[in-house]
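Novice: For any residue, its number in our numbering is found by taking its place in the sequence shown, counting from 1, and adding 116.
Virtual Cβ for every residue (Gly too), placed ideally from N, Cα, C.
Sharing a structure with you now.
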Amino acid sequence: MAELTIKIIRADGSTACVSRGEGQACLVFSDEYREGDCIVLETSEAPLHLVYQVDDALGAALVYITEKNIRFEVPFGEKRICYSPKVFAGKKHYLYVRQASEAEISGDRNLAVNVMDQHGDPHCYPHASANVETRGESVFAARNAIDGVVENRSHGEWPYASWGINRDPNACLKLDFGREVEIDRIVLYTRADFPHDSWWTQATFTFSDGSSLDFPMEKSEKPHICSFAPRTVRWLTVDQLIKADDPSPFPALTQIEVYGKEAEK
117 MAELTIKIIR
127 ADGSTACVSR
137 GEGQACLVFS
147 DEYREGDCIV
157 LETSEAPLHL
167 VYQVDDALGA
177 ALVYITEKNI
187 RFEVPFGEKR
197 ICYSPKVFAG
207 KKHYLYVRQA
217 SEAEISGDRN
227 LAVNVMDQHG
237 DPHCYPHASA
247 NVETRGESVF
257 AARNAIDGVV
267 ENRSHGEWPY
277 ASWGINRDPN
287 ACLKLDFGRE
297 VEIDRIVLYT
307 RADFPHDSWW
317 TQATFTFSDG
327 SSLDFPMEKS
337 EKPHICSFAP
347 RTVRWLTVDQ
357 LIKADDPSPF
367 PALTQIEVYG
377 KEAEK
């Protein structure tokens, strides 16, 4: 089992709290977070599949890490509003990490969800990025499309955050799994704050294996389900988004789910 360590690091580099263990670690942080604070996960080995929770109100995710040092910046100000008001609030916080079981790793699941995804290269997968995010605002960041929240009937602050494309017809979202996985189904929740929103009549999925798939859609608040023969990929993109002939210029993506399992080695 790997040795796992969770630390709260203040902006000045000092350690506010630390806990470590073999195969799992729990940390109770009895203080308020301050701007500049960072949650650091250190492991004795990588890559690893982990069940990781940086805040009890945010929940845990089964993630795949590729480095021995994983940093999560505690959000403040404008970066905070795409999260629940309960997250990182108050003077008592429960953090938790453990190695995932073989059953958890090998089972069929949504391989896209990661409640802790952030900008940059966090080495914690899955990871969403995009070539455009509306006005650079956190409520329209790519990470919102894999945070597990599927409420799509409004827009703006949590729980209505989405990936906003800033009216750019060349907008592209990339979902990186960090390793090869076998997938056979993609589910899109397009934002449905009608009449404020428009919608897409088609999207194109392009896969790391060189294949692509055009996916027709319609005006709906319900999930759009795209099933296909299993393929092994490391990443996929969603682009070539064709906007409906509608007065609204604001189509957006609330959530993407990608179902499958670990690729056979």
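According to the Cβ coordinates, are Val266 and Leu211 closer than 9 Å?
Specialist: It is not a contact, given that the beta carbons lie outside the stated cut-off.
Novice: List, from N- to C-terminal side, the beta strand (DSSP E) runs of 3 residues or more that fit wholly inside the region 304 to 376.
Specialist: Runs of the beta strand (DSSP E) inside the region 304 to 376: 316 to 323, 328 to 332, 340 to 359.
Novice: Are at least three pairs of beta-carbons, each pair with one atom in the region 321 to 333 and one in the region 277 to 284, less than 8 Å apart?
Specialist: Segments in contact, no.
Novice: Under a three-way DSSP split, which group does Phe204 fall into?
Specialist: DSSP places Phe204 in coil when its eight states are reduced to three.
Novice: So Gln215 and Ala118 are in contact, right, with Cβ under 8 Å, and what is the actual spacing, rounded?
Specialist: Yes, they are in contact, since the Cβ atoms of Gln215 and Ala118 sit about 6 Å apart, within 8 Å.
Novice: With Ile181 as the anchor, note down where its beta strand (DSSP E) starts and where it stops.
Specialist: Where Ile181 is concerned, the enclosing beta strand (DSSP E) stretches over 177 to 181.
Novice: Looking at the unbroken alpha helix (DSSP H) that takes in Ser222, where does it start and where does it end?
Specialist: 218 to 222 is the span of the alpha helix (DSSP H), which, as asked, contains Ser222.
Novice: Please classify Ser217 as buried or exposed, where buried requires at least 16 other C-beta atoms within 10 Å of its C-beta.
Specialist: Exposed.
Novice: Could you say which of Ser314, Leu352, Trp274, Glu380 lies nearest to Lys202 if we only look at CA atoms?
Specialist: Cα-wise, what sits closest to Lys202 is Trp274.
Novice: Please classify Asn286: is it buried, with 16 or more other beta-carbons within 10 angstroms of its beta-carbon, or exposed?
Specialist: Asn286 should be labelled exposed.
Novice: Looking at the structure shown, is Gly294 part of a helix, part of a strand, or coil, going by DSSP?
Specialist: Correct three-state label for Gly294: strand.
Novice: Are Gly264 and Ala177 touching if we call contact CB-CB under 9 Å?
Specialist: Closer than 9 Å, so yes.
Novice: Using three-state DSSP, classify Gly252 as helix, strand or coil.
Specialist: Helix at Gly252.
Novice: Since Tyr149 is in the beta strand (DSSP E), which residue starts that stretch and which ends it?
Specialist: That residue, Tyr149, is in no beta strand (DSSP E); it is neither H nor E in DSSP.
Novice: Quick check: what's the CA-CA separation for Tyr180 versus Val297?
Specialist: So the two alpha carbons sit approximately 12 Å from each other.
Novice: Exposed or buried, Gly252, counting other C-beta atoms within 10 Å across all chains shown (16 or more means buried)?
Specialist: The residue in question, Gly252, is exposed, as its Cβ has fewer than 16 Cβ neighbours within 10 Å.
Novice: Rounding to the nearest angstrom, what Cα-Cα distance links Ile302 and Ser343 in this structure?
Specialist: So the alpha carbons of these two residues sit roughly 7 Å apart.
Novice: For Gly137, which beta-bridge partners are listed by DSSP?
Specialist: Partner(s): Leu120.
Novice: Check each candidate in Ile299, Arg196, Phe192, Gly294 and name the one with the smallest Cα separation from Tyr241.
Specialist: The residue with the shortest Cα to Cα distance from Tyr241 is Gly294.
Novice: Measuring straight from C-alpha to C-alpha, what distance separates Leu227 and Asp309?
Specialist: In a straight line, the C-alpha of Leu227 is about 27 Å away from that of Asp309.
Novice: Tell me the rounded alpha-carbon separation between Leu291 and Pro191.
Specialist: The straight-line gap from Cα to Cα measures roughly 22 Å.
Novice: Could you check what DSSP says for Asn247 in three-state terms: helix, strand or coil?
Specialist: Here Asn247 sits in coil by DSSP.
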